[in-house]
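Below is one structure, written out as structure tokens; comments come after it.
Chains as they are written, first to last, in the numbering used here: chain E, 319 to 545; chain A, 200 to 500.
The following block contains the structure:
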């Protein structure tokens, strides 16, 4: 669960990135966050990951009150969140398997669990045959699926997808959102930031529109795929 | 932390060494030179102390007593000298004993020459040793003021030279040690910075998936420590061969140095354990601290 209560962020440059934002995303929700560049979307994500602190207001994420959260507890917060980036951020010197297993090593998971969990997650994103491939040997869509598997592997409560379709072919974008929808149906909360209005219109659901640091629109709309 | 994770981090540390070969080599070289120079400065200092200690042991101050001093005055003088805190091993070398010893050392012909001497011309003498050679001048000056003292003879000049030399050497050695340790730390910290930069993607992902600070730092820490340990092992071998070369010259080839007590320095084998431990600890410590400086700055989660 993510909750923003009267959250404002003013950067040291004096720019107001968010103005008294109130927002609640319940467990199991799937929400698209849309808005133009500089609207405050990235600030929203940075707040959830506690890369930055709110100037005023309270941010609650997966049971953590981020205002009171000490620096050394930040890893515990981040272990409940999976992140997918627009530029995939895969490690080029590691295979698909190693890129995903790496996350579990970081959180000190048992070797036996890593050996069983990683192939399972790779199969979920349909890349079992590419487990030994390196990122450079994969297409953009495949790389993003690896990134998705990596976000998913430690079974997070929340997945933040920051423009996950921004660097891949439009037809593959639908595949990625389908995968995210599938993950969401298993109970994981998904927050997807996107610029692609066609994609949002197609899938529908909860849409949060941010502009100039304010939430201008937060409603459910029906998707064209439902017709 | 689980053993498998620990093994993983150690492997990452070794991979880091390989990944940044050139910078690692630079760190290794600077650390090697630093350790050899610091080690030699300390070894010379230790041996200088020993040489000065030997001279201290051998240095004897001779207090010549005036003629015709009463027995009571002699006893008073002895008590006064004994009361000086820097004095150790005070003994009276009486004029009678001195005469007797001199006679024993003489040939028959020489003894004949003195047969007709009216009186024993030799003075009573106190021989003493000082505890601290640096205070020898003060001690002799104090004794000279005592009543009944004719003169005080002491090897102060040589002691002064040695003491000044030791003082200068200690200052230079400390300066060298500090400078080299700082340079080593800066170079290693820069190597780590390059290593952190090379792995910034990984580190970034590690941060996002909830790696703790220590998890991110351990590979760099191991990298620095391994480089430090390798450099200290090499430095130890080089120091050993160089030291033994110097030792052989001083003790075997040029025995003349014995005059200055220089043939009585420590052998390397007698210092092997403390020197080995010091080198390994210093190498690992400088390596590890050097990496911690830059990881501390760059890896804040």
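Cβ atoms here follow ideal geometry from the backbone N, Cα and C, with glycine treated the same way.
| Between residue 287 of chain A and residue 263 of chain A, what straight-line distance do the alpha-carbon atoms span, to the nearest angstrom? | 17 Å
| message | Using 8 Å as the threshold, is the C-beta distance between residue 497 of chain E and residue 508 of chain E below it? | response | no
| task | Return the residues of the stretch 397 to 410 of chain A that lie within a Cβ-Cβ distance of less than 8 Å from chain E, sorted by chain order. | result | 400, 401, 403, 404, 405, 406, 407, 408, 409, 410
| task | Would you be able to state if there are at least three C-beta pairs under 8 Å between the stretch 214 to 221 of chain A and the stretch 393 to 400 of chain A? | result | yes
| said: Considering only their Cβ atoms, is the gap separating residue 363 of chain E from residue 478 of chain E smaller than 8 Å? | reply: yes
| query | When burial is assigned at 16 or more other CB atoms within 10 Å of the CB, is residue 500 of chain A buried or exposed? | reply | With a pLDDT of 47 at residue 500 of chain A, under the threshold of 50, the modelled position of this residue cannot be trusted, and the question is left open.
| field | Neighbour-count burial assignment, residue 329 of chain E, 16 or more Cβ in a 10 Å radius | value | exposed
| said: Measuring straight from C-alpha to C-alpha, what distance separates residue 344 of chain A and residue 330 of chain A? | reply: 20 Å
| task | Run down chain A in chain order and give the residues with a C-beta less than 7 Å from the C-beta of residue 421 of chain E. | result | 408
| Interfacial residues, the stretch 354 to 368 of chain E to chain A, with Cβ spacing under 9 Å | 367
| Do we get a CB-CB distance below 8 Å when we pair residue 420 of chain A with the residues of chain E? | no
| Local conformation of residue 424 of chain E per DSSP, three classes | helix
| task | Could you list which residues in chain A have their beta carbon closer than 9 Å to that of residue 463 of chain E, in chain order? | result | The premise fails here: residue 463 of chain E is roughly 16 Å from chain A at the closest Cβ pair, so nothing lies under 9 Å.
| task | Can you tell me which of the three DSSP states residue 404 of chain E falls into? | result | coil
| field | Beta carbon of residue 383 of chain A nearer than 8 Å to that of residue 328 of chain A | value | no
| Given residue 476 of chain E as reference, the closest of E:358, E:461, E:504 once Cα atoms are compared | E:504
| query | To which residues does DSSP link residue 305 of chain A through a beta bridge? | reply | In the DSSP output, where bridge partners are listed per residue, residue 305 of chain A has none listed.
| said: Just to make sure I have the definition right: I need the residues of chain E whose C-beta is within less than 8 Å of the C-beta of residue 204 of chain A. Which are they? | reply: 423, 426
| Nonlocal neighbours in the same chain, by C-beta distance under 6 Å from residue 439 of chain A, ignoring five residues either side | 467
| said: Can you check whether the C-beta of residue 213 of chain A is within less than 8 Å of a C-beta belonging to chain E? | reply: no
| request: For the stretch 408 to 424 of chain A and the stretch 209 to 218 of chain A, state whether three or more C-beta atom pairs, one from each stretch, are separated by less than 8 Å. | output: yes
| field | Rounded separation between residue 250 of chain A and residue 362 of chain A - CA only | value | 11 Å
| Which residues share a DSSP beta bridge with residue 528 of chain E? | E:533
| field | Residues bridged to residue 510 of chain E (per DSSP) | value | E:350, E:479
| Counterpart residues of residue 342 of chain E in DSSP-defined beta bridges | E:321
| query | Name the chain A residues that come within less than 7 Å of residue 401 of chain E, Cβ to Cβ? | reply | 407
| Based on Cα-Cα distance, which residue from A:427, A:446, A:340, A:319 lies nearest to residue 300 of chain A? | A:319
| query | For the putative contact between residue 402 of chain E and residue 464 of chain E, defined by C-beta atoms under 8 Å, what is the C-beta separation to the nearest angstrom? | reply | Rounded, the Cβ-Cβ distance is 10 Å, inconsistent with contact.
| query | If we call anything under 8 Å between Cβ atoms a contact, is residue 376 of chain E one with residue 336 of chain E? | reply | no
| DSSP three-state assignment for residue 486 of chain A, whether helix, strand or coil | helix
| request: For the beta strand (DSSP E) holding residue 375 of chain E, just list the boundary residues, first then last. | output: 374 to 379
| task | Answer yes or no: does any C-beta atom of chain A fall closer than 8 Å to that of residue 433 of chain E? | result | no
| query | So is residue 431 of chain E buried or exposed if we call it buried at 16+ other beta carbons inside 10 Å? | reply | exposed
| query | Going by Cα to Cα distance, which pick from A:236, A:374, A:242 is closest to residue 464 of chain A? | reply | A:242
| Limits of the beta strand (DSSP E) - the one that residue 328 of chain A falls within | 324 to 329
| task | Assign residue 538 of chain E to buried or exposed, taking buried as 16 or more other Cβ atoms, counted over all protein chains shown, within 10 Å of its Cβ. | result | exposed
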